[in-house]
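Notes follow the structure.
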Amino acid sequence: MNTYTADATITEISYNIGAPTLTSPIYSFVEDPACFYPETVTLTGLPAFVTHNEPTSDFTIEQNTDLSLIGSYPVTLRSEIQIPDDFTMTSFTTMFVEYEFTILIEPCLVTTYQPTTKITEIVYNIGALEMTDGLYVFDEDPVCNYPETVTLTDLPTFATHNEASSDFTIPQTGDLDLLGEYTVKIRSEICVPDDHTNDSCSPFVSEYDFTIVM
909 MNTYTADATI
919 TEISYNIGAP
929 TLTSPIYSFV
939 EDPACFYPET
949 VTLTGLPAFV
959 THNEPTSDFT
969 IEQNTDLSLI
979 GSYPVTLRSE
989 IQIPDDFTMT
999 SFTTMFVEYE
1009 FTILIEPCLV
1019 TTYQPTTKIT
1029 EIVYNIGALE
1039 MTDGLYVFDE
1049 DPVCNYPETV
1059 TLTDLPTFAT
1069 HNEASSDFTI
1079 PQTGDLDLLG
1089 EYTVKIRSEI
1099 CVPDDHTNDS
1109 CSPFVSEYDF
1119 TIVM
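Position 101 (the sequence shown) corresponds to 1009 in my numbering; numbering is contiguous.
The structure is reproduced here in structure tokens:
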């Protein structure tokens, strides 16, 4: 055996959260001359969400939506063969090839962010029982589940924003001084990481006005 080298190497595998299942290019090693000794491949640092397909010499990343996986993962790939020193096959010489490649898990790519359930008006009659109304929903396309920050401008103090359930409560009141119309601005924002480093992000904002009528 003269040499054992890599003739097809993987340098980088890049996957965007939410994208379909990805299968990487293949890796391969070649003997010179070709003696067909059994090959043993070991991997160091391969993350659990990546599958090594040994029979096809490649890797699979299943479709997933786990934003916590965003990042860079260095992996060391080592392939070795054992060459008998003589016909007795009692001792062997190891030849190996080893190199590092990177798995990049990139952010989920949001195209649009907009309200899919929109409040137009919340109406409360003075003296009526406590009322919960005004369900709102903002959605990403595609759905990436980035954390949402909702802010409200000019929400009157008698109305409570229920952030957990995305609606509003007006408690029972007989205060006639509250009669009138109140214009409220609702603004929802997500911030989509710019790349796998997660060091910066680009905001996606959706906002509109609705009315509380007392």
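Glycine included, each C-beta is placed from N, C-alpha and C at the ideal position.
Quick one: what does DSSP say residue i is sitting in, helix, strand or coil?
i, result
"E1071", "coil"
"P963", "helix"
"S976", "helix"
"L1084", "helix"
"N1106", "coil"
"D1117", "strand"
"I1034", "coil"
"M1039", "strand"
"Y923", "strand"
"T950", "strand"
"L1060", "strand"
"P955", "coil"
"C1099", "strand"
Give me the Cα-Cα distance between residue i and residue j, rounded to the nearest whole angstrom.
i, j, result
"Q1022", "F1066", "27 Å"
"N1106", "G1088", "46 Å"
"E1014", "F967", "17 Å"
"T917", "P933", "9 Å"
"V1018", "L977", "17 Å"
"F1004", "V1051", "45 Å"
"T1119", "R1095", "14 Å"
"D940", "T998", "23 Å"
"T931", "T1057", "35 Å"
"A1072", "C1016", "24 Å"
"V1092", "A1036", "22 Å"
"I991", "F937", "15 Å"
Please go through the same chain and pick out, in chain order, the residues whose beta-carbon is closer than 6 Å to the beta-carbon of residue i, but skip the five residues on each side of it.
i, result
"P1111", "E1097, C1099"
"T948", "E988"
"I1027", "G1042, Y1044, F1118"
Closer than 7 Å by C-beta to residue i: which residues in its own chain qualify, once you throw out the five before and the five after it? Chain order, please.
i, result
"S1124", "Summary: the structure shown does not reach residue 1124, with the chain confined to residues 909 through 1122, and so no result is reported for it."
"L954", "H960, V983"
"N1053", "T973, L975"
"L1084", "I1034"
"T1059", "R1095"
Run through the DSSP bridge pairs and tell me what residue i is partnered with.
i, result
"F937", "A914"
"C1052", "Answer by DSSP bridge pairing: none, since C1052 is not bridged."
"L930", "I969"
"E1089", "V1121"
"T1077", "T1040, T1068"
Excluding sequence positions up to five away, which residues of its chain have a Cβ less than 8 Å from the Cβ of residue i?
i, result
"Y923", "L930, I969, I1011, L1012, I1013, E1014"
"E1115", "K1093, I1094, R1095, S1096"
> What are the uninterrupted segments assigned as beta strand (DSSP E) that are 3 or more residues long and contained completely in the stretch 984–1031, given in chain order?
Replying inline: You should have 1000–1014, 1020–1025, 1029–1031.
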